[in-house]
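Peer 1:
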Amino acid sequence: MPPTCPPSLMPGYQGHVPNVAFSFGDTYGNATHKYFQDCRNSATDTSYSSYRRGGQFPTLFSRNPNLALGYCSHAWDRWLHTPTYTRYNLDCNRSAELKQFYQLVQMHREHYRDKTSTVNRVPYFVLPVKEKDRYPLPTDLSSTQNPEMVQNLN
């Protein structure tokens, strides 16, 4: 095995990896990934820590065949340890709020589709009105009422 330089001394984005012979079909990203993984494996093989087996993280070039990414897709327990990465950096509270709003919208649609009037209204979508308009006083003698009725009461 040729002598390798540690990843901290690896030149960044220079388009080549020292002491690594490229073969056809191997991209720069795959070659550097394999190089760093080999360097990591050689460092953990000489270590006496509990992480010397490489941990339980599946990688492309893992020495444990049960942790190789190609094996995970064929094993029965492939869904037990699948990571749940999201592509975007979302605000988790906002996404939960949007899911709840979507459920309320669907309940609101069911209320409007109901022909038998058995589905209750969703209070989230009721527009607020003034208390005076919601509960009018029966003895309200304001000028908006019929003036003849006001004269009859006097």
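Counting from 1, position 99 in the sequence shown corresponds to residue 99 in my numbering; the numbering is continuous, with no gaps. Just so it is clear, CB atoms sit at the ideal spot from N, CA and C, and this is done for glycine as well. Being a predicted model, the structure only gives us computed values, none of them experimental.
What separation, rounded to the nearest whole angstrom, lies between the Cα atoms of Tyr164 and Arg134?
Peer 2: For residue 164 there is no data in the structure shown, the boundaries of the chain being 1 and 154.
Peer 1: Rounded to the nearest angstrom, how far is the Cβ of His111 from that of Val119, given a contact under 8 Å?
Peer 2: To locate residue 111, count along the sequence shown from 1; it is residue 111. To locate residue 119, count along the sequence shown from 1; it is residue 119. That belief holds up - the Cβ atoms of His111 and Val119 are roughly 5 Å apart, short of 8 Å.
Peer 1: By the DSSP assignment, the alpha helix (DSSP H) with Lys132 in it spans what residues?
Peer 2: Numbered from its first residue, the sequence shown carries residue 132 at position 132. Segment 131–134, the alpha helix (DSSP H) holding Lys132.
Peer 1: Quick one: residues in its chain with C-beta nearer than 7 Å to the C-beta of Arg121, no 5 flanking neighbours on either side, listed in chain order?
Peer 2: The sequence position of residue 121 within the sequence shown is 121, counting from 1. Within the same chain, Arg121 has close Cβ partners His111.
Peer 1: For Gly29 and Phe36, I'd like the C-alpha separation in whole angstroms.
Peer 2: Taking the first residue of the sequence shown as 1, we reach residue 29 at position 29. Taking the first residue of the sequence shown as 1, we reach residue 36 at position 36. Cα to Cα, Gly29 sits roughly 11 Å from Phe36.
Peer 1: Out of curiosity, what's the CA-to-CA distance linking His108 and Asn41?
Peer 2: Residue mapping note: residue 108 aligns to position 108 of the sequence shown, counting from 1. Residue mapping note: residue 41 aligns to position 41 of the sequence shown, counting from 1. Using only the alpha carbons, I get a separation of about 57 Å.
Peer 1: Compute the Euclidean distance between the alpha carbons of Glu131 and Pro138, then round it to the nearest angstrom.
Peer 2: As a position in the sequence shown, residue 131 is number 131, starting the count at 1. As a position in the sequence shown, residue 138 is number 138, starting the count at 1. If I take the Cα positions, the gap works out to 14 Å.
Peer 1: Grab me the residues of Asn93's own chain with a C-beta within less than 8 Å of its C-beta, minus the 5 sequence neighbours each way, in chain order.
Peer 2: Residue mapping note: residue 93 aligns to position 93 of the sequence shown, counting from 1. So the list is empty, once near-sequence residues are dropped.
Peer 1: Which of helix, strand or coil does DSSP assign to Lys115?
Peer 2: On the sequence shown, residue 115 is found 115 positions in, with the first residue counted as 1. Reduced to three states, the DSSP call for Lys115 is coil.
Peer 1: Quick one: grab the DSSP three-state call for Val126.
Peer 2: Here residue 126 is taken as the residue at index 126 of the sequence shown, counted from 1. Reduced to three states, the DSSP call for Val126 is coil.
Peer 1: Hey, is Gln100's beta-carbon within less than 8 Å of any beta-carbon in chain D?
Peer 2: Going by chain labels, chain D is absent from the structure shown, which holds only one protein chain.
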